[in-house]
Amino acid sequence: MSDTALAAKLAKAKELLDEHTRQTIRWHFSDATGCPFWLEKKKEFKFDPLKEVNCFEDLKKFPNFEDEWLRGGPIRRWVPKGLADKPVYVFETGGTTGIPKSRMVIEDHWIDYENFSDTLPDEYFPRGSNWLMLGPSGPRRLRLAVEHLAQHRGGICFCVDLDPRWVVKLLKKGDISGVKAYADHVIDQAVTILSAGHDIKCAFATPKLLEALALKLMDKGCSIEESGIKGIFAGGTEFTPQWYRFCREELLGPNVYITPTYGNTLMGLACGKPFDPADNFKITYYAPQPRAVIETVEFEDYNQVVPYGATGRVKLYTMTKELFVPGFMERDEGERELPHDKYPWDGISGTRPFHEFAATTTVGVY
Amino acid sequence: MLDIPVIRWGQPYESMEKDKVVHFETGEVLATVHQANGGIIKMDMRKANKARDILRQFSIDQLCSMAEKAADLYQNATLPLGNGTQSPAEFCRMQSATTGLPEHMCAGNMKKNAYVLRNMRHTLEALTRGLPLEILTKGYGMESRGVMVSYQAQTNVLGMVLPSNSPGVHTLWMPVIPLQIGLVLKPGPQEPWTPYRMYEAFAQAGVPREVFCVYPGGPECGAAVLETCNRAMIFGGTPTVERYHGNPRVQAHGPGFSKILFGDDMVDQWEKYIDLMAESVFANSGRSCISCSGIWASRHTEEIAEALAKRLGPIAPLPMSDPKSPLAAFTVPGAAKAINAQIKELVEAPGVTEVSAKYRNGERHVAHERYDFLRPTVVHCSSTEPAVANTEYMFPFVSVVKCEQKDMLSKIGGTLVASCLTKDENWSKQLLDATNIDRLNIGEVKTIQLHWMQPHEGNIIDFLFRARAFQNTQPPSH
């Protein structure tokens, strides 16, 4: 694509983002449609969002979103009045100890995964085929989201139960054999499902569980490919370039497609740039703009985006009808990447735990 | 700059991510080291049985000859390392520059490793109690006394999760290849040098490269080695040792809390042993599990502490390249500061006196921009009660503790090396029976004077092999 064509796409995406920002602000800060939390919070601001936020850049007028606001109830304060009659889900993140962060959701998890579905190649994720969901369940949204993705594509999702909080507890106790036993328990269930004639062709798995599943199948003289799986998406900061390469070259082989994703309960799902040998397994993510935006910002000034290629902390914005998050500092860092033809806005690569938290963060437990 | 690959059953593997090994004083990058991931290790270990099959194509005697040759290569040759080479002098300089151990101590450790390799036949003979070594290869055989014995290998490979800060520990895995067991090494991030050099020395001495894996990498690599090797050793602190306590697959090596114990019959001659005490505390900059961290006696403890403080207190850091450089540097940011703060708090306890401060002419903690030193410290404890009476740090630190002889064995706790100065036969019997002492020296032996023909923290033969019944004829009727 020529520079001019890409520049036009960038300009159009920016225009769309600004318009989406204005609509989001109108929705969340209008008395008729906004949620009690933001309508109350508005009173503390020295500016009127409805008048003074007219483009995406204007979101920097808001103070950073504090994740503590998501801990504890009442959960209804997050339900926009404009959606008050809808059935509400609550999904949690964290929560190994103390009160977890809660996010109320109505349909966002469906919309996010339907949008993500559009990025999946039908060749490897055949429409109508069944799915295996090998990741955390319980109060997390992932199970319902992946299940909806399968249904959206005409398939049925088989799930394995997994409680990451229990795994974190075992790790903190140093109970390595307990962790191993639990992982074996989970993988055994996945192997059983795959062997039961359900015609499963697609899967979601975390990198660790996918690795364990592939090795278990190898021990049984089988493989992911021979089990019938053609396409996999996986996510998490453990999805490193080295793991990507190992996965493609040694775990899966050339006929199984895998794509990395980056996301969380607040944001939705950022897609990986399509695999290109020239990237040398570098993984670049693009947020699902305009519903969510990722910026890579200076460690010392969270309102300042770093230059392309430079390292910064991940700053997240969510702008859906259900949730408004104007600048949430994620627990990750990475390098700012140039826009891509398919995703004409900034990306991020090399995501990893934010260095100031890294020593105390337990990552990749499932 | 050196670029060092992962080794997967003898094959170099270049990873996407690399770690930088830097000079602790200057920050200069000495090497980039490719990084394994846990999955690679788990994948490779599915072929671990090949290592033992390959090694059993040689006799143990042949492998001992190769170990002898490897000793010379390791100690004297310029060997390939990644995309470059490394001479013995470069090895010592680099090891010093990344671990903080003075160069002459690195050379000393090198000599020790080479000694063990060179004397492998004697070492194996001692550790097996004279077992005909082909029995280990074949699995069974008749001893000269006419008894059928059988030893079964419990693993095809030994996994080693190695530390960064203590190059002395490598002697422990030297006998593994001669015992026809493959080696899976996960080097400490700051000390890749010995595993790679030893791998190259063995290979050039004739050991097939296919029996070695070297996996530099993060904590997930250590976990994968421990998970997939049926026998593994790990080095760490007390929590690591406690975590693997009772796990027959893992031998965890941690602090030694090694001590010198004076019997009442000899304590009045304590002045004769001041050299023995000082060297036990001070050798290798106190950075070993076999370094003495406690001297226990029923009387004269104040004088002993005073004499040791006078000897050790004035010692100050010198450049790493100085042949008399006495102290290792702390290269992990904040570690020395934290230890110093902890000691300051501990010596405030009732009954504790820091004796070395007055001989030091300065602070214990010598801080530099990128590294620190802790100068030798001697404390006196008037009883066994204070917490500092039984501690160990990674620098020359010793507590001189007043304790009745009759109470010592119940108070010393787990002790890796106890050098006991006594001729009292009754007490000697009690010392021999004390299961909380691992290596027992009765006589004038420094805690750091190890005879490599003796087992260390468990006999590696017992760790790798299981003695079991084997019969190929009917037993005599009874």
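Quick mapping for you: the protein sequence lines, in order, are chains A and B. Just so you know, the first sequence maps onto residues 463 to 828 in the numbering used here. Just so you know, the second sequence maps onto residues 613 to 1090 in the numbering used here. Backbone N, C-alpha and C fix where the C-beta goes; we use that ideal spot for every residue, glycine too. Just so you know, these numbers come straight off a predicted model, no measurement behind them.
Contact of A:Lys-642 with chain B is assigned, a C-beta pair being separated by under 8 Å. Within the segment 689-770 of chain A, the alpha helix (DSSP H) runs of at least 4 residues that lie entirely inside it are, in chain order, 703-708. Within its own chain, the residues whose Cβ lies closer than 6 Å to the Cβ of A:Asn-765, once the five positions on either side in sequence are excluded, are Lys-522, listed in chain order.
Using beta-carbon distances, B:Glu-629 counts as an interface residue toward chain A, with a partner under 8 Å. Between B:Val-641 and B:Lys-630, the C-beta gap is not smaller than 8 Å, which leaves the two residues out of contact.
In the structure shown, B:Cys-833 adopts helical secondary structure according to DSSP, grouped into three states.
By alpha-carbon distance to B:Ala-738, the top candidate from B:Ile-672, B:Tyr-827, B:Pro-624, B:Trp-1064 is B:Trp-1064.
Nearest neighbour of A:Leu-582 by Cα position, chosen from A:Gly-734, A:Val-776, A:Lys-783, turns out to be A:Gly-734. Within the segment 692-720 of chain A, contact with chain B at the beta-carbon level (separation under 9 Å) is assigned to Glu-700, Thr-702, Pro-703, Gln-704, Trp-705, Tyr-706, Arg-707, Phe-708, Cys-709, Glu-712, Leu-713.
Nearest in C-alpha terms to A:Thr-702, of all of B:Gln-647, B:Ile-666, B:Pro-860, B:Pro-867, is B:Gln-647.
For A:Trp-593, the enclosing beta strand (DSSP E) covers residues 592-596. With respect to chain B, the C-beta atom of A:Phe-819 has no partner C-beta closer than 8 Å. Taking C-alpha positions only, B:Thr-1085 is separated from B:Cys-825 by approximately 41 Å.
In chain order, Leu-594, Leu-596, Val-622, Leu-675 place their CB closer than 7 Å to the CB of A:Ala-652, counting only its own chain and leaving out the 5 sequence neighbours on each side.
By the rule that beta-carbons nearer than 8 Å mark a contact, B:Gly-771 does not touch chain A. A:Asp-650 counts as exposed, since fewer than 16 other beta carbons sit within 10 angstroms of its beta carbon.
Its chain contains Tyr-971 as the residues whose beta carbon lies nearer than 8 Å to that of B:Lys-922, once the 5 sequence neighbours on both sides are disregarded; these appear in chain order. By the neighbour-count definition (other C-beta atoms within 10 Å, threshold 16), A:Glu-784 is a buried residue. The beta-carbon distance between B:Arg-982 and B:Gly-639, rounded to whole angstroms, is 6 Å. This is short enough to meet the 8 Å contact definition. B:Phe-670 carries a coil assignment under DSSP once its states are collapsed to helix, strand and coil.
A residue is called buried when at least 16 other Cβ atoms come within 10 angstroms of its Cβ; B:Thr-783 meets this threshold and is buried. Shown here, A:Ala-658 sits in coil according to DSSP, grouped into three states, outside any helix or strand.
B:Ala-969 is not a Cβ neighbour of B:Ser-762, given a cutoff of 8 Å. With a cutoff of 8 Å on beta-carbon distance, B:Ala-890 and B:His-992 are scored as not near each other. Ranked by Cα distance from A:Ala-470, the first of A:Ser-564, A:Lys-804, A:Leu-677, A:Cys-619 is A:Lys-804. Taking C-beta separations shorter than 8 Å and ignoring five residues to either side along the sequence, the partners of A:Pro-601 in its chain run Val-552, Phe-553, Glu-554, Gly-557, Pro-562, following chain order. Listed by position along chain A, the residues whose Cβ is nearer than 7 Å to that of B:Asn-649 are Gln-704, Trp-705, Phe-708.
Separation of the CB atoms of B:Pro-807 and B:Pro-820 is rounded to 17 Å, and the pair is thereby denied contact status at 8 Å. For a cut-off of 8 Å, the C-beta gap from B:Asp-1045 to B:Asp-877 is around 18 Å, too long to register as a contact. For B:Val-634, there is no enclosing alpha helix (DSSP H); the enclosing beta strand (DSSP E) has its first and last residue at 630-634. By DSSP's assignment, B:Trp-908 forms a beta bridge with B:Leu-873, B:Val-1013. Around the CB of B:Gly-1055, fewer than 16 other CB atoms lie within 10 Å, so the residue is classed as exposed. Looking only at B:Cys-1032, B:Lys-723, B:Ser-900, B:Ser-708, the smallest Cα-Cα distance to B:Asp-684 is reached by B:Lys-723. For secondary structure counted as the alpha helix (DSSP H) over 4 or more consecutive residues, the segment 507-558 of chain A holds these complete runs in sequence order: 511-514.
Counted as a single uninterrupted DSSP element, the alpha helix (DSSP H) harbouring B:Thr-852 occupies residues 850-856.
B:Ile-652 and B:Tyr-811 do not touch by the CB rule: their CB atoms are close to 17 Å apart, not below 8 Å.
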